[in-house]
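Positions 107 to 213 (this note's numbering) are the ones given, in order, by the sequence shown.
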Amino acid sequence: MLAGIVLCGSCLLCALVFFFMTVFGEKYSEPINFWSGDATLKSRIKDLPCYNADMSVLYRVWAAAWLIIALISLFSVAIGFALVLANVSVGVYTIHRFYKRILRKYS
């Protein structure tokens, strides 16, 4: 039971980080980064409000995935852990592909 609570808490922290990135990043005058410290992004984006809106949607979906995994991990640690591994491997690859598509759209 303790392992499920710890895994749930970890997933909730991840979900909160991405959710707060969407809340504060959507109205921010800087582009929402995918990679931390990307200084060239501001000069490449042509329509900043629409770019930030699309990135906010992307990160909201990512936060929802972490939230769902957190809830599942309370009931089954093994399934929750398998979903965490899938989320940080296949999920990151998928999110990165969508990010590239958004970047091409607004560059």
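Virtual Cβ for every residue (Gly too), placed ideally from N, Cα, C.
### Message
Once the 5 residues before and after R166 are set aside, which same chain residues still bring their CB inside 6 Å of it?
### Response
Taken in chain order, the residues that qualify are T128.
### Cβ neighbour criterion (16 or more within 10 Å) applied to A192
With fewer than 16 other Cβ atoms within 10 Å, it is exposed.
### Query
Does the count of Cβ pairs from the segment 129-139 and the segment 152-161 closer than 8 Å reach three?
Yes: the two stretches touch, three or more of their Cβ pairs being nearer than 8 Å.
### Query
Taking the C-alpha atoms as reference points, what is the distance between L147 and L177?
For L147 and L177, the distance between alpha carbons rounds to 35 Å.
#### Entry: DSSP three-state assignment for N238, whether helix, strand or coil
With the chain covering only 107 through 213, there is no way to say anything about residue 238.
### Message
What does the Cβ neighbour count give for V190, buried or exposed, with the cut at 16 atoms within 10 Å?
### Response
It is buried - the Cβ of V190 has at least 16 other Cβ atoms within 10 Å.
### Query
Are S179 and G110 closer than 7 Å when you measure CB to CB?
Their beta carbons are under 7 Å apart, which means S179 touches G110 by this criterion.
### Task
Quick one: give me the first and last residue of the alpha helix (DSSP H) that Y134 is part of.
Taken as a continuous stretch (DSSP letters only), Y134 belongs to no alpha helix (DSSP H), as it is neither H nor E.
#### Entry: Through-space distance from D144 to D153, alpha-carbon basis
Each residue's alpha carbon lies about 17 Å from the other.
### Same chain, Cβ closer than 7 Å to I185, five either side skipped, listed in chain order
Cβ within range, chain order: I178.
#### Entry: Beta-carbon contacts of R150 that lie in its chain and below 6 Å, excluding the five residues immediately before and after
Closer than 6 Å at Cβ, skipping near neighbours: S213.
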